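J.: Chains as they are written, first to last, in numbering that gives the first Met the number 0: chain A, 0 to 251; chain B, 0 to 364; chain C, 0 to 180. Every residue gets a Cβ at the ideal spot worked out from N, C-alpha and C, and that includes glycine. What you are looking at is a predicted structure, and each value in this text was computed from that prediction instead of being measured. First, the structure itself, so that you have it in front of you.
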Amino acid sequence: MCEVELKKENIVYAKSSLMLDNVMHYCPGCSHGTVHKLIAEIVEEMGLQSKTIGVSPVGCAVFAYNYIDVDWAEAAHGRACAVATGIKRLHPNKMVFTYQGDGDLSAIGTCETIHAAARGENIAVVYINNAIYGMTGGQMAPTTLLGMKTATTPYGRDPRLNGYPYKIADMLAHLDGVCYITRQSVHTPANVRKCKKAIRKAFENAMAGKGFSMVEVVSTCNSGWKLSPVQANEWLEQNMLPFYPLGDVKDI
Amino acid sequence: MADKEVKLMKGNEVIAYAAIRYGCDGYFGYPITPQSEVMETLMELKPWETTGMVVLQAESEIASVNMLYGGAATGKRVMTSSSSPGVSLMSEGMSYLAGAELPCLIVNCQRGGPGLGTIQPSQGDYFQACKGGAHGDFHLIVLAPNSVQEMHDFVALAFDLAFKYRNPAMILADGAIGQMMEKVTLAPQRPRKTDAEIEAECKSWAIYGKPADRARNVVTSLELRSEEMEKINLRLQAKYRAMEENEVRYEAVECDDADYVIVAFGSSARICSATVELARAEGLKVGLLRPVTLYPFPKKPIAELAKRGVKGFLSAELNAGQMVEDVRLAVNGLVPVEHYGRQGGSLFTPDEVYRALKDKIINRG
Amino acid sequence: MKETLIIAGFGGQGVLSMGKILAYAGVMQDFEVTWMPSYGPEMRGGTANVTVILSDRRISSPIAYEFDTAIILNQQSMDKFEPLVKAGGTLIYDVNGITRHPERKDINVYSINATEECAKMGNARLFNTMILGGYLKVCPVVSMENIMSGLKKSLPERAWKMLPANEQAILHGAAIIEKKN
Chain A
0 MCEVELKKEN IVYAKSSLML DNVMHYCPGC SHGTVHKLIA EIVEEMGLQS KTIGVSPVGC
60 AVFAYNYIDV DWAEAAHGRA CAVATGIKRL HPNKMVFTYQ GDGDLSAIGT CETIHAAARG
120 ENIAVVYINN AIYGMTGGQM APTTLLGMKT ATTPYGRDPR LNGYPYKIAD MLAHLDGVCY
180 ITRQSVHTPA NVRKCKKAIR KAFENAMAGK GFSMVEVVST CNSGWKLSPV QANEWLEQNM
240 LPFYPLGDVK DI
Chain B
0 MADKEVKLMK GNEVIAYAAI RYGCDGYFGY PITPQSEVME TLMELKPWET TGMVVLQAES
60 EIASVNMLYG GAATGKRVMT SSSSPGVSLM SEGMSYLAGA ELPCLIVNCQ RGGPGLGTIQ
120 PSQGDYFQAC KGGAHGDFHL IVLAPNSVQE MHDFVALAFD LAFKYRNPAM ILADGAIGQM
180 MEKVTLAPQR PRKTDAEIEA ECKSWAIYGK PADRARNVVT SLELRSEEME KINLRLQAKY
240 RAMEENEVRY EAVECDDADY VIVAFGSSAR ICSATVELAR AEGLKVGLLR PVTLYPFPKK
300 PIAELAKRGV KGFLSAELNA GQMVEDVRLA VNGLVPVEHY GRQGGSLFTP DEVYRALKDK
360 IINRG
Chain C
0 MKETLIIAGF GGQGVLSMGK ILAYAGVMQD FEVTWMPSYG PEMRGGTANV TVILSDRRIS
60 SPIAYEFDTA IILNQQSMDK FEPLVKAGGT LIYDVNGITR HPERKDINVY SINATEECAK
120 MGNARLFNTM ILGGYLKVCP VVSMENIMSG LKKSLPERAW KMLPANEQAI LHGAAIIEKK
180 N
């Protein structure tokens, strides 16, 4: 333990007080930890701890509630946007967000996601897209790139057999209830900073009642991709970003 | 009382009125015959302008039950309604609601199955309602109204029991009770609970934003450590035993001197009460035991009738024989227990049941 | 007093609302009341029926299989419900579209030509209240006063201007119903 007392003006970085000390179950190199930290910082900076209710998914982030010190509901697989709708409708002045992966949000939960967006629910959605099912052991997700090897596409995703990946962010952007859709990443410090701004904007939209916001975070799953963390960041840049380009898809 | 409000209403309509009168905070639903009048009535009454109750049409029953989960997680009084195929879609959510111990109300206005089946009345969802109906060991509290008045009254009872035990409750009605109009006395308007009241009452578990004076609440049904999960299971089972001990409700009609007893619930019980009249008119001592709570099931009163000397039981249900299993468990082989039923949306007549009672029980060889 | 009545015809003839008026009137008269419709996808043109029970005692079964009175408004309903009228009971039917008239001798049969009379009055929507008038003439189970307030209850406020015409139709129905046996 460091016993040295730092003067406030000398502190250049501190852990958010909303990040709990529970040991994270995420693999080293995983994007989840970074995004959790951003959410904790944003809630703290906005002074919203007592107003924030998170909805965690089924997938690797199922235990998100162990790490960020706000009230949480754990949703059934894919149903986070419906659960968040129920909470937000009864507590319209609270900050309600969901935290979901690509299997949860864009496979089993597609219906709930699209309709929450179409209704313009005043919720913020953080969507972690790593193109694979991490928790169940690296199976194909709807977002898995063509040719990508997974546990259920051992010879690479073949569109004749497995269909094509799709960009749900672009689909949602067409809906009238949606005010903000952006695609971000956290694979470099600069991208982390941009991603934080985007999530903050989504949270502000939810509080301001502007409609449905979603921040897609194009993420790595180095374990599922069978790469080292550094290789995974490189792979993301070379393979994921051409198909899932970063930037705002809609912002009104 | 001058302000006693007697109305003529459909069972489904009265669910909507009762929800508002009893201070329900939110309704989430999806249309399906024969219960669509519940949401239609709510939308017409616009309670969001009066009591502040939220009413939302979801995109599916899967969404509505999960909105219910979100709403219930905040400690507010929330409900949904559907009919059999829609309730099947909700069954995933019910397991989660039971696992996360969330109080709420689900109304099932049953129709005949399996599959799309028919839109006519049925009691084919008894097993689904009373035996869990989804994965994992759990029970709903299940109430079976047999009149439009009980549709009204059980909304309050269901919420009371749901909050007493932190458990989802179901009103298991059917197309006949839902579509029928009868006289009903409406309760006076109760105010909805304030946020402060809810926070005081549900502080230990509900999520509404973590205040400084308590640890964060997490509503979840997940526990990966098996020794911990078993503790949760045992606690749930203890809760169910407490319900079985304290919450059994039933109506006994002419059972005191009965030689034979018909067991029937909901709309069937109405029909069978006419069977009792027929039999008594002919001098046969027939009674009717009507479970009001299907879970917890009135095992003891049935067992006591069997011990007291009732010579046989007929379980009359609009299905292929579901509740009869619980009647047999209660009677435990002491005397004959048989089933008589109609399916496919057909109802039986009082004299059909009477004939079945004679053929299967009274005159059995 | 217990009156078990079935009203049966086509959807769109006002079968369910006729039952509703009677049920509301029964409530006004302090009776126990049940109104049990056949329900289904039929809106207009399909068969529709409703069982109304009025009683001064608690009603056990709201579902009936024999009736004190049947009001029959099409041939399918005649075939189905004529046999279910209790001996000594009453069958009332509109002759329009009926190809096989009632045959039973142990019941009281009445006919009413409401279709034609409504056409004469230029308002087909008075059909069900005219039939109701005929029924009340034969079976005066509820008072005219209560029928009128039942009628008012069952109509949305915007339709209250139709109340006088409906009252006329009820009175006219009472005047034109004919005993057939």
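Can you pull the chain C neighbours of residue 349 of chain B, defined as C-beta to C-beta under 7 Å?
T.: Within 7 Å Cβ-Cβ: 60.
J.: Confirm, please, whether the CB-CB distance from residue 80 of chain C to residue 69 of chain C is below 8 Å.
T.: If you check the CB distance, residue 69 of chain C and residue 80 of chain C come in under 8 Å.
J.: From the DSSP secondary-structure annotation, give me the bridge partner or partners of residue 36 of chain C.
T.: C/49
J.: For residue 40 of chain B, decide whether its Cβ has a neighbour in chain A, counting only Cβ atoms nearer than 8 Å.
T.: no
J.: Thinking C-alpha only, which one of B/131, B/258 and B/16 is nearest residue 186 of chain B?
T.: B/16
J.: Would you call residue 103 of chain A buried or exposed, if buried means 16 or more other Cβ atoms sit within 10 Å of its Cβ?
T.: Taking all protein chains in view, the Cβ of residue 103 of chain A is crowded by 16 or more other Cβ atoms within 10 Å, so the residue is classified as buried.
J.: Of all the alpha helix (DSSP H) runs that stay within the bounds of the stretch 147 to 188 of chain A, which reach a length of 4 or more residues?
T.: 158 to 161 and 167 to 172
J.: Among A/126, A/95, A/121 and A/93, which has the Cα closest to the Cα of residue 109 of chain A?
T.: A/126
J.: What residues match up with residue 108 of chain C in a beta bridge as DSSP calls it?
T.: BP columns for residue 108 of chain C point to C/90.
J.: Could you round the C-beta distance between residue 185 of chain A and residue 33 of chain A to whole angstroms and report it? I think they count as a contact, below 8 Å.
T.: About 4 Å separates the two Cβ atoms, so the contact holds.
J.: Could you work out which residue in A/146, A/239, A/83 and A/137 is closest to residue 161 of chain A when comparing CA atoms only?
T.: A/146
J.: Which residues share a DSSP beta bridge with residue 77 of chain B?
T.: B/25
J.: Exposed or buried, which one is residue 224 of chain A when buried takes at least 16 other CB atoms within 10 Å?
T.: buried
J.: Using beta-carbon positions only, say whether residue 143 of chain B and residue 235 of chain B come within less than 8 Å of one another.
T.: With contacts defined as CB atoms closer than 8 Å, residue 143 of chain B and residue 235 of chain B fail to qualify as a contacting pair.
J.: Would you list the residues sitting across from residue 249 of chain B in a DSSP beta bridge?
T.: B/290
J.: The stretch 64 to 98 of chain A: which residues have C-beta closer than 7 Å to a C-beta of chain B, in chain order?
T.: 64, 68, 69, 70, 71, 72, 73, 74, 75, 78, 81, 82, 83, 84, 85, 86, 88, 89, 90 and 93
J.: For a quick check, are the C-beta atoms of residue 105 of chain A and residue 167 of chain A less than 8 Å apart?
T.: When the beta-carbon positions are compared, residue 105 of chain A and residue 167 of chain A come within less than 8 Å of each other.
J.: Take the Cβ of residue 255 of chain B as the centre, count every other Cβ of all protein chains shown within 10 Å, and call the residue buried at 16 or more, exposed below.
T.: Result: exposed.
J.: Name the DSSP bridge partner or partners of residue 337 of chain B?
T.: B/313
J.: If the criterion is Cβ atoms closer than 8 Å, does the pair residue 28 of chain A and residue 188 of chain A meet it?
T.: no
J.: Give, in chain order, every residue of the stretch 107 to 122 of chain C whose Cβ lies closer than 8 Å to some Cβ of chain B.
T.: Answer in chain order: no residues at all.
J.: Ignore the nearest five residues each way along the sequence and tell me which others in residue 81 of chain B's own chain have a CB closer than 6 Å to its CB.
T.: 31 and 60
J.: For residue 99 of chain C, collect the residues of the same chain with a Cβ closer than 7 Å to its Cβ; drop the 5 residues on either side in sequence, then sort them by chain order.
T.: 74 and 77
J.: Where does residue 237 of chain B sit, in a helix, a strand or coil, going by DSSP?
T.: helix
J.: Is there contact between the stretch 164 to 179 of chain B and the stretch 143 to 156 of chain B, where contact requires at least three CB pairs shorter than 8 Å?
T.: yes
J.: Quick one: is residue 162 of chain B near chain A, going by C-beta distance under 8 Å?
T.: no
J.: Would you verify that the beta carbon of residue 35 of chain C is, or is not, closer than 8 Å to some beta carbon of chain B?
T.: Under the Cβ distance rule, residue 35 of chain C counts among the residues neighbouring chain B, one pair being separated by less than 8 Å.
J.: Taking the Cβ atom as the reference point for each residue, do residue 164 of chain C and residue 112 of chain C lie within a distance shorter than 8 Å?
T.: no
J.: Can you name the start and end residues of the alpha helix (DSSP H) that residue 137 of chain B belongs to?
T.: In the DSSP assignment, residue 137 of chain B falls outside any alpha helix (DSSP H) and carries neither an H nor an E.
J.: Under three-state DSSP, which class holds residue 207 of chain A?
T.: helix
J.: Starting from the beta carbon of residue 49 of chain A, find every residue of chain B whose beta carbon is closer than 8 Å, and list them in chain order.
T.: Within 8 Å Cβ-Cβ: 208, 209, 210 and 211.
J.: Can you pull the chain B neighbours of residue 212 of chain C, defined as C-beta to C-beta under 9 Å?
T.: A query on residue 212 of chain C cannot be resolved here, the shown segment of chain C reaching from 0 to 180 and no further.
J.: Is the beta carbon of residue 266 of chain C less than 8 Å from the beta carbon of residue 17 of chain C?
T.: There is simply no residue 266 of chain C to check, as chain C begins at 0 and stops at 180 in what is shown.
J.: For chain A, check one thing: does any of its Cβ atoms lie closer than 8 Å to the Cβ of residue 145 of chain B?
T.: no
J.: Would you give the residue range spanned by the beta strand (DSSP E) that residue 77 of chain C belongs to?
T.: Premise fails: residue 77 of chain C lies in the alpha helix (DSSP H), 74 to 80, not in any beta strand (DSSP E).
J.: Along chain A, which residues have their Cβ under 8 Å away from the Cβ of residue 215 of chain B?
T.: 64, 68, 69, 70 and 71
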